[in-house]
Amino acid sequence: RRLQQKGNLNVFATSTDVASYAVYNQDRKRLVECPLCEIDQYRSMFQLSAENVTSLKQHMALYSSLRKCCGEQMSKYEILRLNGCSVAQFKKLPDYPHCEDMEFEEIELQFAASPIAFHPLSPEFTWAKPGD
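Quick note: the sequence shown uses our numbering, first residue 74, plus one each step.
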């Protein structure tokens, strides 16, 4: 808190219970409803241009698809689907990722070409490059 008051540190939080002095508290409900809208909240804090916001939204949309459909953060519905289970009863749920409808070769190539660097922490378990 002292570092924040001196201007040496900015705190971002996901709950006012954790850090009531945070410069920004991410609202979980709003994040779930529109994850890419969260980037708009950062625009003034980081003096992002319209071009920066567009690039970030494109990058995060691609990342979101890879995260939900590939690797250790894969959607529970995608795990079921890949294991041959019927997911018909889940397809109309708001958090169903519809991975089967995505063109992953194109998504991977676009993500790999993004000007925003991506450094996987555990490449053996998560997407790291096209073809993973």
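Even glycine gets a Cβ: it sits at the ideal position worked out from N, Cα and C.
Predicted model only: the values in this text are computed from it and were never measured.
Shortest alpha-carbon distance to residue 106 belongs to which of 169, 115, 127, 96? Numbered from its first residue, the sequence shown carries residue 106 at position 33. Taking only the C-alpha atoms, the option nearest residue 106 is 169.
Specify the secondary structure class of residue 156 as computed by DSSP and reduced to three states.
-> Sequence index remark: in the sequence shown, residue 156 carries index 83 (1-based). Coil.
task: State the Cα-Cα distance for the pair residue 115 and residue 103, rounded to the nearest angstrom.
output: Position 42 of the sequence shown, counted from the first residue, corresponds to residue 115. Position 30 of the sequence shown, counted from the first residue, corresponds to residue 103. Going from the Cα of residue 115 to the Cα of residue 103 covers about 14 Å.
Residue span of the alpha helix (DSSP H) that contains residue 184, given as start and end: Here the question's residue 184 lines up with position 111 in the sequence shown. It spans 177–185 - the alpha helix (DSSP H) in which residue 184 sits, taken as one unbroken run.
| said: Along the chain, where does the alpha helix (DSSP H) containing residue 87 start, and where does it finish? | reply: Within the sequence shown, the letter at position 14 stands for residue 87. Where residue 87 is concerned, there is no enclosing alpha helix (DSSP H), given that its DSSP letter is neither H nor E.
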